[in-house]
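Protein chains in written order, with the UniProt record's numbering: chain A, 1 to 360; chain B, 1 to 360.
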């Protein structure tokens, strides 16, 4: 089958928009990430928020991953249900409802959680008590991104001490998401925090770093024991722009139909913000159309993507099916209940996005 | 129960983030829109893309709506299944898969579709043939928004003629989405297009206008027979900014928990781009926090909302549950499988977002 045959078949069998993933490319990406981790002597703990699929998580495990990373209890529940039993929930868990679920999860899987403040730490013993099992906790540290995480070494050490003092909790180490341009600062933070906890008789057994772009600098931060990368399993236009993936590494494309032309320099796709999402990832335009790379997906309505074709010599016709590499793949997967799985130009079946919609 | 009791109960029973809709407010909004339509002598055909709920569509019908508007065949299928049988699919439908489904839908419900180009019109007789029933088609006209729709009167008239000439199709009229600042231009377009089709012996029995802000100018465009408003059923921060809704008209809020503070002027919510979406609706910040209106939801990670609290005197604490009016409510509903339904401060139950995920 040719790519044109595949496009026609996907449109005929599933309709467009369809979110299509090539498992051959996925396997190559998984092997590549595992190879980078192995070469750096760092365990691989991929973040499943990108694919939300226990099947793909199993492919990652079978490829050599030590365990998985989840962002939400709901994601971890779906993964544990499917047999994944070494899970880092990289999130501040708090509130009665979530602590109850965390306790239940901990009773049936090995779970580690992250915390960046004493309020969260104070709640976690409840989950450990429910499970009747120790809950390891890593201290999330912010070394420059201004996202979650303690911002000072003193806070990191104090939180480690707090964790170690709580019934049912153990201090497990540190979780980082190093800015790509702040490796030295991250190293300094980690060294000082590690020295600080060792003075208290604590050992950071886990030092977890994260991010797909950081795969290229794996091993540069001494002391890192494992890495969490999400996007690398599929890649996207952000990763192309960052130079960490090539076109042939992009496993996921959105198949869309041109439903209107509305003028010589305009076109309209049947994919808008409810499919490709308004997350630009900081890029101009909303995706790369493989068949018309000079076309710009300029703006969205909910179910329409509006094309600026002024830079295109070869312009699409109404009825054409095109393939789009989205700017940010993680949020696109999150829009659908199922992915269409292909290998090369053959349809293999459908892959449920089993952990989609598990917001809490 | 107080609002604080309700917040605690929602967090305890459903976890956060939770998308909560107050059916008392929904009922008031439905009655208000119906009243505006009645006063203008225009039929009400609400767009269900906002709520995707057959239950709320029934509330709109029972409130006096003539029928409903859907954007996707998948939405219309869900609504028809629930007994809604007067449906405008306001979209260019094309491709074998969708035409087959449209034919099947037409055999069991009254369906009208929109078209803005001859390629789409050429395909529609297939659906009519499958149903063995005439398919009414409205010509979508663009009077300035540069979205979908023919851009000239000549194209509108030619497309009407094309429709009327096809087996199984009937020309039903025009569909507009008038820019709020182009009422005169829209009137001129409509008058000329209507005169043009009448010269051909065709009558625009339906002239459909759209948009929640345009509810305030209903009746100003002569010849309009029905109106499609979506957002008005819930309202959102865009509608507040546009002056077409007040705080008490906002039926939907996202309940979120503060999971970290990360510094005196920062805070982190457990709701990011996978809940509130990156759709800004053209506004600064990503939502209005009712408890802390001076807090700015400055940016997102997928599962984190990062707060700028520098303008706040009263700053939230970790563990606080807050209510957020999202910038654009239609895309937020689309992220969840269920809404938590309340009336005032009482939880009523859950409302499935039955047509969510029906991208095609």
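Virtual Cβ for every residue (Gly too), placed ideally from N, Cα, C.
Fill in: Same chain, Cβ closer than 6 Å to residue 220(A), five either side skipped, listed in chain order
The count along the first chain starts at 1 and reaches residue 220(A) at position 220. The answer, listed in chain order, is 183.
inquiry  = Could you tell me the alpha carbon to alpha carbon distance between residue 93(A) and residue 159(A), rounded to whole angstroms?
reply    = As a first step, residue 93(A) must be located in the first chain, where it is residue number 93. As a first step, residue 159(A) must be located in the first chain, where it is residue number 159. C-alpha separation (whole angstroms): 15 Å.
Should the stretch 283-293 of chain B be regarded as contacting the stretch 318-330 of chain B, the criterion being three or more beta carbon pairs within less than 8 Å?
-> Cβ pair count under 8 Å is three or more, so yes.
Going by other Cβ atoms of all chains shown within 10 Å of its Cβ, with 16 needed for buried, is residue 205(A) buried or exposed? The count along the first chain starts at 1 and reaches residue 205(A) at position 205. Per the 10 Å Cβ criterion, exposed.
Whose C-alpha, out of 114(A), 251(A), 222(A), 283(A), is nearest the C-alpha of residue 140(A)? As a first step, residue 140(A) must be located in the first chain, where it is residue number 140. In terms of Cα proximity to residue 140(A), the closest of 114(A), 251(A), 222(A), 283(A) is 114(A).
Query - For residue 329(B), the nearest candidate out of 300(B), 20(B), 125(B), 178(B) (CA to CA) - result: Position 329 of the second chain, counted from the start, is the residue given in the question as residue 329(B). Closest in alpha carbon position to residue 329(B), among 300(B), 20(B), 125(B), 178(B), is 20(B).
From the beta carbon of residue 331(B), is the nearest beta carbon of chain A less than 8 Å away? Locating residue 331(B) in the second chain gives position 331, counting from the first residue. Among the residues facing chain A, residue 331(B) is included, as its CB has a counterpart in that chain under 8 Å away.
Between which residues of its own chain and residue 99(A) is the CB-CB distance below 6 Å, once the five residues before and five after are set aside?
By one-based count along the first chain, residue 99(A) stands at place 99. Same-chain partners within the cutoff: 123, 126, 127.
(Q) Between the alpha carbons of residue 35(B) and residue 47(B), how many angstroms are there, rounded? (A) As a working note, residue 35(B) is residue 35 in the second chain. As a working note, residue 47(B) is residue 47 in the second chain. Residue 35(B) and residue 47(B): Cα-Cα distance of roughly 17 Å.
Considering Cα atoms alone, identify which of 335(B), 246(B), 44(B) is closest to residue 208(B). Within the second chain, numbered from 1, the residue matching residue 208(B) stands at position 208. Of 335(B), 246(B), 44(B), the residue nearest in Cα terms is 44(B).
query = How would you list, in chain order, the residues of chain A whose beta-carbon sits under 9 Å from the beta-carbon of residue 318(B)?
reply = For the purposes of this step, residue 318(B) is taken as residue 318 along the second chain, with counting starting at 1. The contacting residues are 92, 94, 117, 118, 119, 120.
| request: Could you check which residue in 297(A), 256(A), 319(A), 245(A) has the C-alpha nearest to that of residue 25(A)? | output: Position 25 of the first chain, counting from 1, holds the residue named residue 25(A). Ranking the options by Cα distance to residue 25(A), first place goes to 245(A).
Return the bridge partner residues of residue 300(B) from the DSSP annotation. What you label residue 300(B) is simply residue 300 of the second chain in a count that begins at 1. Beta-bridge pairing links residue 300(B) to 305(B).
Strictly below 9 Å CB to CB, what residues from chain B border residue 189(A)?
Within the first chain, the letter at position 189 stands for residue 189(A). Those do not exist, as residue 189(A) stays about 15 Å from chain B at its closest Cβ, beyond 9 Å.
- Message: Just to confirm, is the Cβ distance from residue 22(B) to residue 353(B) under 8 Å?
- Response: Position 22 of the second chain holds residue 22(B). Position 353 of the second chain holds residue 353(B). Taking 8 Å as the Cβ cut-off, residue 22(B) and residue 353(B) do not qualify as a contacting pair.
Item to complete: Please confirm if residue 263(A) has its CB atom under 8 Å from at least one CB of chain B.
Response: The sequence position of residue 263(A) within the first chain is 263, counting from 1. So yes, residue 263(A) belongs to the interface.
- Query: Going by DSSP, which residues form a beta bridge with residue 349(A)?
  - Reply: Working through the first chain from its first residue, we reach residue 349(A) at position 349. Beta-bridge annotation (DSSP): residue 349(A) is paired with 341(A).
(Q) Tell me the rounded alpha-carbon separation between residue 117(B) and residue 173(B). (A) Working through the second chain from its first residue, we reach residue 117(B) at position 117. Working through the second chain from its first residue, we reach residue 173(B) at position 173. Going by the C-alpha atoms only, they are around 15 Å apart.
My output table needs one value for residue 257(A): the three-state DSSP class, helix, strand or coil. Position 257 of the first chain, counted from the start, is the residue given in the question as residue 257(A). In the three-state scheme derived from DSSP, where H, G and I count as helix and E and B as strand, residue 257(A) is classed as strand.
Notebook entry, point to check: Rounded to the nearest angstrom, how far is the Cβ of residue 351(B) from that of residue 55(B), given a contact under 8 Å?
Noted result: Reading the second chain from its first residue, position 351 is the one you call residue 351(B). Reading the second chain from its first residue, position 55 is the one you call residue 55(B). With a Cβ gap of about 6 Å, residue 351(B) and residue 55(B) count as contacting.
Does any residue of chain A have a CB that is nearer than 8 Å to the CB of residue 297(B)?
On the second chain, position 297 is the one that residue 297(B) refers to. Judged by the 8 Å Cβ criterion, residue 297(B) is not in contact with chain A.
Measuring CA to CA, which of 277(A), 268(A), 225(A) is closest to residue 257(A)? Stepping through the first chain from its first residue, residue 257(A) is reached at position 257. Nearest C-alpha to residue 257(A): 268(A).
Chain A contacts from the stretch 40-53 of chain B (Cβ-Cβ distance under 8 Å)
The residues in question are 49.
Grab me the residues of residue 259(A)'s own chain with a C-beta within less than 6 Å of its C-beta, minus the 5 sequence neighbours each way, in chain order. Locating residue 259(A) in the first chain gives position 259, counting from the first residue. If we look at residue 259(A) and ignore the five residues flanking it on each side, its Cβ neighbours are 268, 270.
(Q) I'd like the list of long-range same chain contacts for residue 239(B), defined as Cβ closer than 7 Å, with 5 residues on each side in sequence excluded. (A) Numbered from 1 along the second chain, position 239 holds the residue referred to as residue 239(B). Around residue 239(B): 212, 231, 245.
Exercise for review: From the DSSP output, in three-state form, read off residue 361(A) for me.
Suggested key: In the structure as shown, chain A starts at 1 and stops at 360, and residue 361(A) therefore has no counterpart that could be examined.
- [ ] Could you pull the start and end residues of the alpha helix (DSSP H) that residue 194(B) belongs to?
- [x] By 1-based counting over the second chain, the position of residue 194(B) is 194. In the DSSP annotation of this structure, the continuous segment of the alpha helix (DSSP H) that includes residue 194(B) starts and ends at 183-199.
| message | For residue 110(B), would you say it is in contact with chain A, using Cβ-to-Cβ distances shorter than 8 Å as the test? | response | Along the second chain, read from residue 1 onward, the residue named residue 110(B) stands at position 110. Cβ-Cβ to chain A under 8 Å: no for residue 110(B).
Q: Check whether the Cβ atoms of residue 176(A) and residue 225(A) lie closer than 8 Å to each other.
A: Taking the first residue of the first chain as 1, we reach residue 176(A) at position 176. Taking the first residue of the first chain as 1, we reach residue 225(A) at position 225. For residue 176(A) and residue 225(A), no; Cβs fall outside 8 Å.
**Asked** Beta-carbon of residue 180(B) versus every beta-carbon of chain A: anything under 8 Å?
**Response** As a first step, residue 180(B) is located in the second chain; it is residue number 180 there, counting from the start. With 8 Å as the cut-off, residue 180(B) does not count as an interface residue toward chain A.
Residue-level contact to chain A via CB, residue 161(B), 8 Å cutoff: By 1-based counting over the second chain, the position of residue 161(B) is 161. Residue contact with chain A for residue 161(B): absent (no Cβ-Cβ distance below 8 Å to any residue of chain A).
Self-check item: Partner residues on chain B for residue 359(A), Cβ-Cβ distance less than 9 Å
Solution: Walking along the first chain from the start, residue 359(A) turns up at place 359. Residues of chain B passing the Cβ test: 15, 16, 17, 18, 19, 270, 271, 274, 275, 303, 335, 336.
- Would you grab the beta carbon distance between residue 357(B) and residue 340(A) for me? Rounded to a whole angstrom, and I think it's under 8 Å. Residue mapping note: residue 357(B) aligns to position 357 of the second chain, counting from 1. Residue mapping note: residue 340(A) aligns to position 340 of the first chain, counting from 1. Between residue 340(A) and residue 357(B) the Cβ distance is about 14 Å, and since that is not below 8 Å, they are no contact.
- prompt: Since residue 176(A) is in the beta strand (DSSP E), which residue starts that stretch and which ends it?
  reply: The residue labelled residue 176(A) in the question sits at position 176 within the first chain. 169-176 is the extent of the beta strand (DSSP E) around residue 176(A).
What does the alpha-carbon distance come out to for the pair residue 18(B) and residue 74(A)? Taking the second chain and counting its residues from 1, the one referred to as residue 18(B) is at position 18. Taking the first chain and counting its residues from 1, the one referred to as residue 74(A) is at position 74. Approximately 13 Å, taken between the alpha carbons.
What is the DSSP secondary structure of residue 212(A), reduced to helix, strand or coil? For the purposes of this step, residue 212(A) is identified with residue 212 of the first chain, where counting begins at 1. The answer is coil: DSSP assigns residue 212(A) none of H, G, I, E or B.
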